[in-house]
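Undergrad:
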Amino acid sequence: MAEVTFMLRSCAGAPVAGAMLVAEYPNGTYRVGESDAEGECRIDLYRTDQPMRVLAAAEGCLPLHETVVPDNAAALELVMEASPDGRSGVLFTRSTGFIPGIEGRLNPISDGRTYLYADNIAVDGRVANPVPFEIGQRMHLTDVYGVETDIRFIAVTAQFSLIEYSEPRPYGEGP
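Just so we're aligned, residue 442 is where the sequence shown starts under the working numbering, counting upward by one.
#1: Is there contact between the stretch 548 to 555 and the stretch 515 to 532, where contact requires at least three CB pairs shorter than 8 Å?
#2: Please state if the CB of A516 and the CB of M448 are separated by a distance shorter than 7 Å.
#3: Got a sec, what are the start and stop residues for the beta strand (DSSP E) R483 sits in?
#4: Please report the Cβ distance between L462 and V473, rounded to the nearest whole angstrom; I am assuming they are in contact, meaning their Cβ atoms lie under 8 Å.
#5: Around the Cβ of P504, are there at least 16 other Cβ atoms within 10 angstroms (buried) or fewer (exposed)?
#6: Taking just the CA atoms, how far does D591 sit from E544?
#7: Would you tell me roughly how many angstroms separate the C-alpha atoms of V585 and N561, rounded to the nearest one?
#8: Exposed or buried, which one is R488 when buried takes at least 16 other CB atoms within 10 Å?
#9: I need the DSSP call for L503, collapsed to helix, strand or coil.
#10: Alpha carbon to alpha carbon, how far is D512 from G469?
#11: Taking buried to mean at least 16 other C-beta atoms within 10 Å of its own C-beta, is D528 buried or exposed?
#12: Based on the DSSP output, what are the partners of E605 in its beta bridges?
#13: Identify the continuous beta strand (DSSP E) that holds R535 and give its terminal residues.
#14: Is it buried or exposed for T508, if we count other Cβ within 10 angstroms and need 16 for buried?
#15: By Cβ distance, which residues of its chain are closer than 7 Å to E575, with the 5 residues on each side in sequence left out?
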(Lines of atoms letter the chains of each structure in order from A; the text may use other names.)
(Lines give C-alpha, C1' and ligand atoms only; values in the text may rest on other atoms or scores of the structure.)
Protein backbone atom coordinates (compact mmCIF):
# COMPACT_ATOMS: atom_id res chain seq x y z
CA MET A 442 0.00 0.00 0.00
CA ALA A 443 1.09 3.53 -0.70
CA GLU A 444 0.64 6.18 1.95
CA VAL A 445 -0.69 9.38 0.39
CA THR A 446 -0.86 12.62 2.35
CA PHE A 447 -3.73 14.88 1.41
CA MET A 448 -2.76 18.41 2.42
CA LEU A 449 -5.91 20.46 2.99
CA ARG A 450 -5.26 24.19 2.66
CA SER A 451 -7.35 27.34 2.58
CA CYS A 452 -7.15 29.67 -0.42
CA ALA A 453 -4.64 31.69 1.62
CA GLY A 454 -2.48 28.58 2.13
CA ALA A 455 -3.32 28.03 5.82
CA PRO A 456 -3.85 24.42 6.97
CA VAL A 457 -7.46 23.26 7.37
CA ALA A 458 -7.54 21.18 10.56
CA GLY A 459 -10.34 18.77 11.44
CA ALA A 460 -11.53 18.24 7.87
CA MET A 461 -13.16 14.88 7.15
CA LEU A 462 -12.00 13.33 3.89
CA VAL A 463 -13.25 10.44 1.76
CA ALA A 464 -11.14 8.99 -1.07
CA GLU A 465 -13.29 6.77 -3.30
CA TYR A 466 -11.93 4.22 -5.76
CA PRO A 467 -13.72 3.80 -9.11
CA ASN A 468 -15.26 0.53 -7.85
CA GLY A 469 -17.09 2.39 -5.04
CA THR A 470 -14.93 1.30 -2.10
CA TYR A 471 -13.43 4.13 -0.09
CA ARG A 472 -11.06 5.22 2.66
CA VAL A 473 -11.86 7.85 5.30
CA GLY A 474 -9.54 10.16 7.23
CA GLU A 475 -9.34 13.44 9.12
CA SER A 476 -6.83 16.24 8.74
CA ASP A 477 -4.57 17.03 11.67
CA ALA A 478 -3.50 20.46 13.02
CA GLU A 479 -1.18 20.84 10.01
CA GLY A 480 -4.05 20.14 7.59
CA GLU A 481 -2.59 16.74 6.67
CA CYS A 482 -4.63 13.58 6.24
CA ARG A 483 -2.63 10.39 5.66
CA ILE A 484 -4.41 7.51 3.97
CA ASP A 485 -3.06 4.16 2.79
CA LEU A 486 -4.23 3.45 -0.76
CA TYR A 487 -3.86 0.07 -2.46
CA ARG A 488 -3.89 1.75 -5.90
CA THR A 489 -2.73 5.20 -6.95
CA ASP A 490 -2.82 4.80 -10.73
CA GLN A 491 -6.49 5.55 -11.31
CA PRO A 492 -8.82 8.52 -10.84
CA MET A 493 -10.29 8.80 -7.36
CA ARG A 494 -13.13 10.96 -6.18
CA VAL A 495 -12.06 12.98 -3.14
CA LEU A 496 -14.63 14.66 -0.91
CA ALA A 497 -13.80 16.84 2.07
CA ALA A 498 -15.83 18.79 4.61
CA ALA A 499 -14.78 21.18 7.36
CA GLU A 500 -16.50 23.75 9.53
CA GLY A 501 -16.30 27.21 7.96
CA CYS A 502 -15.34 25.85 4.53
CA LEU A 503 -17.38 25.04 1.46
CA PRO A 504 -17.48 21.31 0.64
CA LEU A 505 -14.72 19.99 -1.62
CA HIS A 506 -15.48 17.54 -4.44
CA GLU A 507 -12.57 16.75 -6.80
CA THR A 508 -11.22 13.94 -8.92
CA VAL A 509 -7.50 13.24 -8.54
CA VAL A 510 -5.01 10.64 -9.72
CA PRO A 511 -2.48 10.20 -6.91
CA ASP A 512 0.04 8.36 -9.17
CA ASN A 513 3.26 8.10 -7.19
CA ALA A 514 2.84 11.41 -5.40
CA ALA A 515 3.53 11.20 -1.69
CA ALA A 516 1.40 14.32 -1.13
CA LEU A 517 -1.51 16.02 -2.87
CA GLU A 518 -2.62 19.55 -2.04
CA LEU A 519 -6.36 20.23 -1.94
CA VAL A 520 -7.65 23.79 -1.57
CA MET A 521 -10.81 24.33 0.47
CA GLU A 522 -12.61 27.60 -0.09
CA ALA A 523 -13.57 29.54 3.05
CA SER A 524 -17.29 30.16 3.32
CA PRO A 525 -18.20 33.84 2.98
CA ASP A 526 -21.66 33.39 4.50
CA GLY A 527 -21.58 30.79 7.29
CA ARG A 528 -22.09 27.70 5.13
CA SER A 529 -20.09 24.58 5.96
CA GLY A 530 -19.79 21.03 4.75
CA VAL A 531 -20.41 17.72 6.46
CA LEU A 532 -19.63 14.17 5.32
CA PHE A 533 -21.85 11.23 6.18
CA THR A 534 -20.10 7.88 6.08
CA ARG A 535 -21.90 4.62 6.75
CA SER A 536 -24.95 5.99 4.88
CA THR A 537 -26.50 8.20 7.59
CA GLY A 538 -25.52 11.17 9.71
CA PHE A 539 -26.30 14.41 11.47
CA ILE A 540 -26.10 18.10 10.58
CA PRO A 541 -24.26 19.88 13.42
CA GLY A 542 -26.77 21.87 15.50
CA ILE A 543 -29.82 20.01 14.14
CA GLU A 544 -31.58 17.39 16.26
CA GLY A 545 -32.40 14.29 14.23
CA ARG A 546 -30.77 11.96 11.76
CA LEU A 547 -30.72 12.13 7.96
CA ASN A 548 -30.49 9.08 5.72
CA PRO A 549 -29.93 10.03 2.06
CA ILE A 550 -30.37 7.23 -0.47
CA SER A 551 -29.01 6.87 -4.01
CA ASP A 552 -30.23 3.81 -5.89
CA GLY A 553 -30.77 5.24 -9.34
CA ARG A 554 -32.95 7.84 -7.65
CA THR A 555 -32.05 10.22 -4.82
CA TYR A 556 -34.32 10.56 -1.83
CA LEU A 557 -34.05 11.40 1.86
CA TYR A 558 -35.40 9.88 5.04
CA ALA A 559 -35.40 12.35 7.95
CA ASP A 560 -35.96 11.29 11.58
CA ASN A 561 -38.06 13.94 13.37
CA ILE A 562 -37.00 16.68 10.95
CA ALA A 563 -39.39 18.60 8.68
CA VAL A 564 -38.09 18.94 5.13
CA ASP A 565 -39.41 21.96 3.23
CA GLY A 566 -42.14 22.46 5.84
CA ARG A 567 -43.43 18.95 6.35
CA VAL A 568 -42.52 15.54 7.68
CA ALA A 569 -42.84 13.12 4.79
CA ASN A 570 -40.62 10.15 4.15
CA PRO A 571 -39.05 9.62 1.75
CA VAL A 572 -38.43 13.05 0.21
CA PRO A 573 -37.13 12.93 -3.39
CA PHE A 574 -34.41 15.42 -4.31
CA GLU A 575 -31.87 16.28 -7.00
CA ILE A 576 -28.15 16.80 -6.41
CA GLY A 577 -27.63 20.54 -5.87
CA GLN A 578 -31.25 21.21 -4.88
CA ARG A 579 -31.68 23.38 -1.78
CA MET A 580 -33.86 21.98 1.01
CA HIS A 581 -35.02 23.68 4.20
CA LEU A 582 -34.87 21.65 7.44
CA THR A 583 -36.61 22.38 10.76
CA ASP A 584 -35.91 20.16 13.76
CA VAL A 585 -38.08 19.37 16.80
CA TYR A 586 -36.71 22.46 18.63
CA GLY A 587 -37.47 24.82 15.76
CA VAL A 588 -33.82 25.08 14.72
CA GLU A 589 -33.57 25.65 10.96
CA THR A 590 -30.93 25.21 8.30
CA ASP A 591 -30.76 25.01 4.54
CA ILE A 592 -28.91 22.08 2.97
CA ARG A 593 -27.73 21.06 -0.47
CA PHE A 594 -26.40 17.61 -1.36
CA ILE A 595 -23.13 17.83 -3.32
CA ALA A 596 -22.66 14.05 -3.71
CA VAL A 597 -24.63 10.97 -2.63
CA THR A 598 -23.58 7.34 -3.03
CA ALA A 599 -24.80 4.14 -1.42
CA GLN A 600 -22.18 4.55 1.32
CA PHE A 601 -21.52 8.27 1.88
CA SER A 602 -22.83 11.77 1.23
CA LEU A 603 -21.31 15.26 1.06
CA ILE A 604 -23.66 18.02 2.21
CA GLU A 605 -23.42 21.80 2.32
CA TYR A 606 -25.45 23.44 5.11
CA SER A 607 -26.10 26.92 6.45
CA GLU A 608 -25.39 27.88 10.06
CA PRO A 609 -28.33 26.51 12.10
CA ARG A 610 -30.55 29.29 13.49
CA PRO A 611 -33.62 29.61 15.73
CA TYR A 612 -37.01 29.35 14.02
CA GLY A 613 -37.99 32.46 12.07
CA GLU A 614 -34.55 34.08 12.00
CA GLY A 615 -34.08 33.97 8.20
CA PRO A 616 -30.85 33.00 6.48
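Note that CB positions come from ideal geometry on N, CA and C, so glycine has one too.
Fair warning: this is a prediction, and the values are worked out from it, not measured in the lab.
TA: The relevant details are as follows:
#1: The answer is no - the stretch 515 to 532 does not touch the stretch 548 to 555, with fewer than three Cβ pairs under 8 Å.
#2: Stepping through the sequence shown from its first residue, residue 448 is reached at position 7. Stepping through the sequence shown from its first residue, residue 516 is reached at position 75. A contact, by the Cβ cut-off of 7 Å.
#3: By one-based count along the sequence shown, residue 483 stands at place 42. From DSSP, the beta strand (DSSP E) with R483 extends over 481 to 486.
#4: Reading the sequence shown from its first residue, position 21 is the one you call residue 462. Reading the sequence shown from its first residue, position 32 is the one you call residue 473. Contact flag correct, Cβ pair sits at about 7 Å.
#5: Translated into the one-based positions of the sequence shown, residue 504 becomes position 63. Counting Cβ neighbours within 10 Å, P504 comes out buried, since at least 16 surround it.
#6: Residue 544 sits at position 103 when you count from the first residue of the sequence shown. Residue 591 sits at position 150 when you count from the first residue of the sequence shown. The straight-line gap from Cα to Cα measures roughly 14 Å.
#7: Taking the sequence shown and counting its residues from 1, the one referred to as residue 585 is at position 144. Taking the sequence shown and counting its residues from 1, the one referred to as residue 561 is at position 120. Roughly 6 Å between the two C-alpha positions.
#8: Along the sequence shown, read from residue 1 onward, the residue named residue 488 stands at position 47. R488 is exposed by the Cβ-count criterion.
#9: Position 62 of the sequence shown, counted from the start, is the residue given in the question as residue 503. Looking at L503 - three-state DSSP - the assignment turns out to be coil, as it is neither helix nor strand.
#10: Along the sequence shown, read from residue 1 onward, the residue named residue 512 stands at position 71. Along the sequence shown, read from residue 1 onward, the residue named residue 469 stands at position 28. Their Cα atoms are separated by approximately 19 Å.
#11: Along the sequence shown, read from residue 1 onward, the residue named residue 528 stands at position 87. Reading the sequence as shown, one finds Arg at residue 528 and not Asp. Buried: at least 16 other Cβ atoms inside 10 Å.
#12: For this step, residue 605 is matched to residue 164 along the sequence shown. Answer is G530, R593.
#13: Working through the sequence shown from its first residue, we reach residue 535 at position 94. For R535, no beta strand (DSSP E) segment is defined, and its DSSP state is neither H nor E.
#14: For the purposes of this step, residue 508 is taken as residue 67 along the sequence shown, with counting starting at 1. Exposed, since its Cβ has fewer than 16 Cβ neighbours within 10 Å.
#15: For the purposes of this step, residue 575 is identified with residue 134 of the sequence shown, where counting begins at 1. Hits under 7 Å: T555.
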